[in-house]
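*Asks:* Below you will find the structure I want to go over with you.
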Amino acid sequence: MLCVVSGQSSQVLLRIGADSLRCYLPSVLCSQNQFLPLIVSHRLESGGSNPTTSDSYGDRTSARARREAREARLATLTSRVEEDSNRDYKKVESFFNFPVLGLQHLYESALTENQKLKTKLQEAQLELADIKSKLEKMAQQKQEKTSDRSSVLEMEKRERRALERKMSEMEEEMKNLHQLKQIQTLKQMNEQLQAENRALTRVVARLSEPIESSEAQEL
Numbered sequence: 001m002l003c004v005v006s007g008q009s010s011q012v013l014l015r016i017g018a019d020s021l022r023c024y025l026p027s028v029l030c031s032q033n034q035f036l037p038l039i040v041s042h043r044l045e046s047g048g049s050n051p052t053t054s055d056s057y058g059d060r061t062s063a064r065a066r067r068e069a070r071e072a073r074l075a076t077l078t079s080r081v082e083e084d085s086n087r088d089y090k091k092v093e094s095f096f097n098f099p100v101l102g103l104q105h106l107y108e109s110a111l112t113e114n115q116k117l118k119t120k121l122q123e124a125q126l127e128l129a130d131i132k133s134k135l136e137k138m139a140q141q142k143q144e145k146t147s148d149r150s151s152v153l154e155m156e157k158r159e160r161r162a163l164e165r166k167m168s169e170m171e172e173e174m175k176n177l178h179q180l181k182q183i184q185t186l187k188q189m190n191e192q193l194q195a196e197n198r199a200l201t202r203v204v205a206r207l208s209e210p211i212e213s214s215e216a217q218e219l
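Mapping to full-length UniProt numbering: the sequence shown position 164 is 164, numbers consecutive.
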């Protein structure tokens, strides 16, 4: 049952993750490509600058200075683009790591609940074994007794019926207890997943606001 809930949760998270990537990737690609014309022009200028022997020493010096200034400016812009890209990717990674922790917590809670149910089941099995041993002892006593056979048999029948009725009631209670625990576990897991989905929606909305504002300013 945990797998069913987790499957539904993963579908929701994948839908949210796809929307988030559509929000993030344009900004990352834009930040990486916004200086592409400058890089191309710099390469064209650096490749096209072929000073002839007639150029003076001052012209070569000034051309070299301009080229070095362009290279320094280009290196600064490239490092800035890389920092922006790394920051955006870290945001995406932190966004996708968030629900995984919540699902791990749900999985650990389900394991703990299953362990409790196993313990209760073992206790009930021990009690059933004790009842069966009592029934066997009663059967042995039945064979040993000879006097007042009719009254003893009637009393044993009543006790046997009472024990069998108790056993059936205990088995029914065990089934109901197991089903109730499963229902409670599923309710808790569904509530947790709903809370996480709401939190993820708020995170996506907050992260989308600066991107939308920047796109509006560019337009």
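A virtual CB, placed ideally from N, CA and C, is assigned to each residue, including glycine.
1) Quick check on E196: buried or exposed, where buried means 16 or more other Cβ atoms within 10 Å of its Cβ?
2) Report the rounded CA-to-CA distance for A72 versus A65, giving the unit in angstroms.
3) Does the segment 149-164 come within contact of the segment 128-139, defined as at least 3 CB pairs closer than 8 Å?
4) Would the beta-carbon of residue 250 fall within 8 Å of that of K120?
5) Compute the beta-carbon to beta-carbon distance between L106 and M189, rounded to the nearest angstrom, for a pair I have assumed lies under 8 Å.
6) Please list, in chain order, all residues of the same chain as R165 whose beta carbon is under 8 Å from its beta carbon, the five residues on each side excluded.
7) Measure the alpha-carbon distance for L180 versus N114 and round it to whole angstroms.
8) On the CB-based measure, 16 or more other CB atoms within 10 Å of its CB, does P99 come out buried or exposed?
9) Out of curiosity, what's the CA-to-CA distance linking Q184 and P210?
10) Expressed to the nearest angstrom, what Euclidean distance is found between the alpha-carbon atoms of R198 and A69?
11) Under 7 Å from any heavy atom of the ligand ADP, does the C-beta of I131 make it?
12) Would you say I131 and L111 are within 8 Å of each other, going by their C-beta atoms?
*Replies:* By the coordinates alone:
1) For the purposes of this step, residue 196 is identified with residue 196 of the sequence shown, where counting begins at 1. It counts as buried.
2) Within the sequence shown, numbered from 1, the residue matching residue 72 stands at position 72. Within the sequence shown, numbered from 1, the residue matching residue 65 stands at position 65. Pairing A72 with A65, the inter-Cα distance amounts to about 10 Å.
3) Flag = yes, the segment 149-164 and the segment 128-139 touch.
4) Here the chain covers residues 1 to 219 and nothing more, so residue 250 does not appear.
5) Residue 106 sits at position 106 when you count from the first residue of the sequence shown. Residue 189 sits at position 189 when you count from the first residue of the sequence shown. With a contact defined as Cβ atoms closer than 8 Å, L106 and M189 qualify at about 5 Å.
6) Sequence index remark: in the sequence shown, residue 165 carries index 165 (1-based). Closer than 8 Å at Cβ, skipping near neighbours: no residue.
7) Here residue 180 corresponds to residue number 180 of the sequence shown, with the count starting at 1. Here residue 114 corresponds to residue number 114 of the sequence shown, with the count starting at 1. So the alpha carbons of these two residues sit roughly 12 Å apart.
8) Sequence index remark: in the sequence shown, residue 99 carries index 99 (1-based). With a pLDDT of 45 at P99, under the threshold of 50, the predicted position of this residue should be treated as unreliable, though the coordinate-derived value follows. Within 10 angstroms of the beta-carbon of P99 lie 16 or more other beta-carbons, which makes it buried.
9) Start at 1 with the first residue of the sequence shown, and residue 184 comes out as number 184. Start at 1 with the first residue of the sequence shown, and residue 210 comes out as number 210. The alpha-carbon of Q184 is positioned some 41 Å away from that of P210.
10) Mapped onto the sequence shown, residue 198 falls at position 198. Mapped onto the sequence shown, residue 69 falls at position 69. Roughly 50 Å separates the two Cα atoms.
11) In terms of ligand content, the structure shown is empty, and the ligand ADP therefore cannot be addressed.
12) Working through the sequence shown from its first residue, we reach residue 131 at position 131. Working through the sequence shown from its first residue, we reach residue 111 at position 111. No, Cβ-Cβ distance for I131 and L111 is not below 8 Å.
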